[in-house]
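J.: Would you mind keeping the following structure in view while I ask a few things?
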Amino acid sequence: MMLKQLAVGDRAKVSGFAEAGGPYRRKLLSMGLTPGAELEVVRVAPMGDPVEIRVRGFALTLRKGEADALNVDKL
């Protein structure tokens, strides 16, 4: 499942990275989005870009390309 498929209030666990997400992988890892990390969708902009999530106790805003690179499992 992709991060963009989650609605506000949904919780998920990072399961990995999309094949096409290579350029963003290192950036996402440095921001704490490692496999197994739990996150919650806080806000989504009207056009779906950006999306705000809460991970490891802090708020993080991801652009569409970054969010598309992240695979999650809904909790």
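Quick note on my numbering: the sequence shown kicks off at 23 and runs consecutively. Think of the CB as a built atom: it goes at the ideal place given N, C-alpha and C, for glycine as much as any other residue.
May I ask you to verify whether the region 62-71 touches the region 46-53, counting CB pairs closer than 8 Å and requiring at least 3?
T.: no
J.: Going by beta-carbon coordinates alone, are G58 and R78 separated by less than 8 Å?
T.: no
J.: I'd like to check one pair, V94 with K35: are the Cβ atoms closer than 8 Å?
T.: yes
J.: Along the beta strand (DSSP E) that carries E60, what are the first and last residues, could you check?
T.: Unbroken beta strand (DSSP E) run through E60: E60 to V66.
J.: What does A91 pair with, by DSSP beta-bridge criteria?
T.: Looking at the DSSP assignment, A91 forms no beta bridge with any residue, so it has no partner.
J.: Which partner residues does E41 have in the DSSP bridge list?
T.: Answer by DSSP bridge pairing: none, since E41 is not bridged.
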